[in-house]
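Only one structure is covered here, and it is reproduced in the block below.
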Amino acid sequence: MAEQLQDHPLELLSCLQLSAAKALLRYRAPSLAGALQPGQFLNLKIPGYLLRRPMAPASQEGESLELLVFSRGPATLELMGGRREVMALGPLGRPFPLPPPGAGPALLVSGGSGAAPLLFLAARLRAIGVPVLARHGSRDGSEFSLAQRFASLGCSAEYFSEDGSAGTQGRPTDRLPELSGVSCAYAVGPRPLMHQVASACQRAGVPAWISLEEPMACGVGACLSCAVQTAQGQRHACVDGPVFPAAEVVW
Ligand SMILES: Cc1cc2nc3c(=O)[nH]c(=O)nc-3n(C[C@H](O)[C@H](O)[C@H](O)COP(=O)(O)OP(=O)(O)OC[C@H]3O[C@@H](n4cnc5c(N)ncnc54)[C@H](O)[C@@H]3O)c2cc1C
Ligand code: FES
Numbered sequence: 002m003a004e005q006l007q008d009h010p011l012e013l014l015s016c017l018q019l020s021a022a023k024a025l026l027r028y029r030a031p032s033l034a035g036a037l038q039p040g041q042f043l044n045l046k047i048p049g050y051l052l053r054r055p056m057a058p059a060s061q062e063g064e065s066l067e068l069l070v071f072s073r074g075p076a077t078l079e080l081m082g083g084r085r086e087v088m089a090l091g092p093l094g095r096p097f098p099l100p101p102p103g104a105g106p107a108l109l110v111s112g113g114s115g116a117a118p119l120l121f122l123a124a125r126l127r128a129i130g131v132p133v134l135a136r137h138g139s140r141d142g143s144e145f146s147l148a149q150r151f152a153s154l155g156c157s158a159e160y161f162s163e164d165g166s167a168g169t170q171g172r173p174t175d176r177l178p179e180l181s182g183v184s185c186a187y188a189v190g191p192r193p194l195m196h197q198v199a200s201a202c203q204r205a206g207v208p209a210w211i212s213l214e215e216p217m218a219c220g221v222g223a224c225l226s227c228a229v230q231t232a233q234g235q236r237h238a239c240v241d242g243p244v245f246p247a248a249e250v251v252w
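Those letters in the sequence shown? Residues 2 to 252, per our numbering, in order.
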């Protein structure tokens, strides 16, 4: 815990603009990167902002990590613009549990910035020999490159856009694949997306995990701003999650 409560500097290495409002930022963070596990998050201190901003890394390699940033307001806009002097508290929260090496295919379903922790997870699953069926969706075609990234990691990847401008028209939860051969599933994105995956997996008896990316402040269980209802009672997404067994969430 002492290590987690330490601020680590993020040194910006590159910024890949995916669209006007989305970017992949690569940072050097030697004191932090190696400790990250998929599903965990960092609480970022950006100069000029009182409250920290949580972000779940999209990859880790050696001393570097990547953040997939969607601009939603002032802080994410600054990050996308290449803001320097960013500090990160972490790794925070519970990671995704991994199936045993060589397990049957894992299903990954993401929407929007939910692709970030699932890209990181996909790389780890491929590294232990688990086949990955990845489905990513967005409103328009601006996130096609994220599906390509899943594919470049060795996943069988499908992309869905609601307006049909790229990939298959529809949502990543439309016509989910046959779940009988799937060993486990993971979903991150809007609540209805996660709920649909959770329900399908429950019916099929497939273990599933989701990440509740609730608005957070402290990130360490002190302010109680991230309360969520689960079958076990009230929990806090920052310390008890953000990853939860899908079957435990009160939807
Ligand atoms: C565990 C966790 C991991 C996250 N990972 C990522 C990530 O990888 N990439 C990414 O782009 N964002 C991620 N987020 C969301 C990110 O923290 C917010 O988008 C960011 O704090 C908004 O800051 P802002 O100043 O730009 O906007 P603000 O002015 O603070 O908010 C702008 C708008 O975004 C909404 N918003 C704020 N927080 C969230 C949230 N958690 N989810 C959905 N909408 C929100 C607000 O309600 C408001 O409408 C994550 C959040 C959590 C809790
Ligand atoms: S963010 Fe403060 S308790 Fe979770």
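Backbone N, C-alpha and C fix where the C-beta goes; we use that ideal spot for every residue, glycine too.
Using a threshold of 7 angstroms, is the CB atom of residue i nearer than that to any non-hydrogen atom of ligand 1?
{"i": "Met195", "result": "no"}
{"i": "Glu144", "result": "no"}
{"i": "Ser222", "result": "Residue identity check: residue 222 is Gly in the sequence provided, not Ser. No."}
{"i": "Ala232", "result": "no"}
{"i": "Thr77", "result": "yes"}
{"i": "Val87", "result": "no"}
{"i": "Glu159", "result": "no"}
To which residues of the same chain is residue i closer than 6 angstroms at the C-beta, ignoring the five residues directly before and after it?
{"i": "Ser111", "result": "Leu119, His137, Val189, Gly190"}
{"i": "Gly142", "result": "Ser162, Ser166, Ala167"}
{"i": "Gly35", "result": "none"}
{"i": "Glu86", "result": "Pro48"}
{"i": "Met195", "result": "Ala188, Ile211"}
{"i": "Gly171", "result": "Phe161"}
{"i": "Gln18", "result": "Ala24"}
Pick out whichever of the options has its Cα sitting closest to the Cα of residue i.
{"i": "Ala59", "options": "Leu37, Ala76, Gly105, Pro243", "result": "Leu37"}
{"i": "Glu249", "options": "Glu64, Ser143, Ala199, Ala223", "result": "Ala199"}
{"i": "Ala117", "options": "His9, Pro55, Gln233", "result": "Pro55"}
{"i": "Phe42", "options": "Ala247, Trp252, Glu214", "result": "Glu214"}
{"i": "Met88", "options": "Asp8, Arg236, Val244", "result": "Asp8"}
{"i": "Ala22", "options": "Met81, Tyr187, Leu11", "result": "Met81"}
{"i": "Pro98", "options": "Ala107, Gly91, Leu90", "result": "Ala107"}
{"i": "Leu180", "options": "Gly115, Cys202, Pro102", "result": "Cys202"}
{"i": "Pro31", "options": "Leu6, Gln61, Ser20, Leu25", "result": "Gln61"}
{"i": "Lys46", "options": "Ala232, Ala218, Ala223", "result": "Ala218"}
{"i": "Gly222", "options": "Glu67, Gly182, Arg236, Ala209", "result": "Arg236"}
{"i": "Ala104", "options": "Gly83, Ala205, Ala128", "result": "Ala128"}
Which two residues bound the contiguous alpha helix (DSSP H) that contains residue i?
{"i": "Met81", "result": "75-81"}
{"i": "Val254", "result": "Any question about residue 254 goes unanswered here, given that the chain covers just 2 to 252."}
{"i": "Cys185", "result": "Here Cys185 belongs to no alpha helix (DSSP H); instead the beta strand (DSSP E) covers 185-189."}
{"i": "Ser166", "result": "That residue, Ser166, is in no alpha helix (DSSP H); it is neither H nor E in DSSP."}
Span of the beta strand (DSSP E) holding residue i?
{"i": "Cys16", "result": "8-20"}
{"i": "Pro55", "result": "54-56"}
{"i": "Gln38", "result": "Neither: Gln38 is in no beta strand (DSSP E) and is coded neither H nor E."}
{"i": "Phe97", "result": "Here Phe97 belongs to no beta strand (DSSP E), and DSSP marks it neither H nor E."}
{"i": "Pro246", "result": "244-246"}
{"i": "Leu26", "result": "23-29"}
{"i": "Leu108", "result": "107-112"}
{"i": "Leu68", "result": "65-71"}
{"i": "Ala158", "result": "157-162"}
Near residue i, which residues of its chain fall below 7 angstroms by C-beta distance, leaving aside the five closest residues on each side in sequence?
{"i": "Ala152", "result": "Ala158"}
{"i": "Ala123", "result": "Leu109, Val133, Ala135, Phe151, Leu154, Cys156"}
{"i": "Gln197", "result": "Thr174"}
{"i": "Ala96", "result": "The residue you asked about is not Ala; residue 96 is Pro in the sequence shown. If we look at Pro96 and ignore the five residues flanking it on each side, its Cβ neighbours are Gln38, Pro39, Gly40, Gln41, Val244."}
{"i": "Gly220", "result": "Asn44, Arg53, Pro55, Leu90, Leu93, Cys239"}
{"i": "Leu78", "result": "Ser72"}
{"i": "Pro100", "result": "Ala107, Val131, Ser184, Cys185"}
{"i": "Val207", "result": "Leu180, Val183, Cys185, Ala186"}
Taking only heavy atoms of ligand 2 into account, decide whether any of them is closer than 7 angstroms to the Cβ of residue i.
{"i": "Leu225", "result": "yes"}
{"i": "Cys16", "result": "no"}
{"i": "Ser219", "result": "According to the sequence displayed, residue 219 carries Cys and not Ser. Yes, the beta carbon of Cys219 sits closer than 7 angstroms to at least one heavy atom of ligand 2."}
{"i": "Ala57", "result": "no"}
{"i": "Ala238", "result": "yes"}
{"i": "Gly94", "result": "no"}
{"i": "Gly35", "result": "no"}
{"i": "Gly112", "result": "no"}
Within its chain, find whatever has a CB closer than 8 angstroms to the CB of residue i; leave out the 5 residues flanking it on each side and keep chain order.
{"i": "Leu14", "result": "Arg27, Tyr28, Arg29, Ser65"}
{"i": "Arg192", "result": "Trp252"}
{"i": "Pro178", "result": "Leu108, Leu134"}
{"i": "Ala148", "result": "Ala135, His137, Ala158, Glu159, Tyr160, Gly168"}
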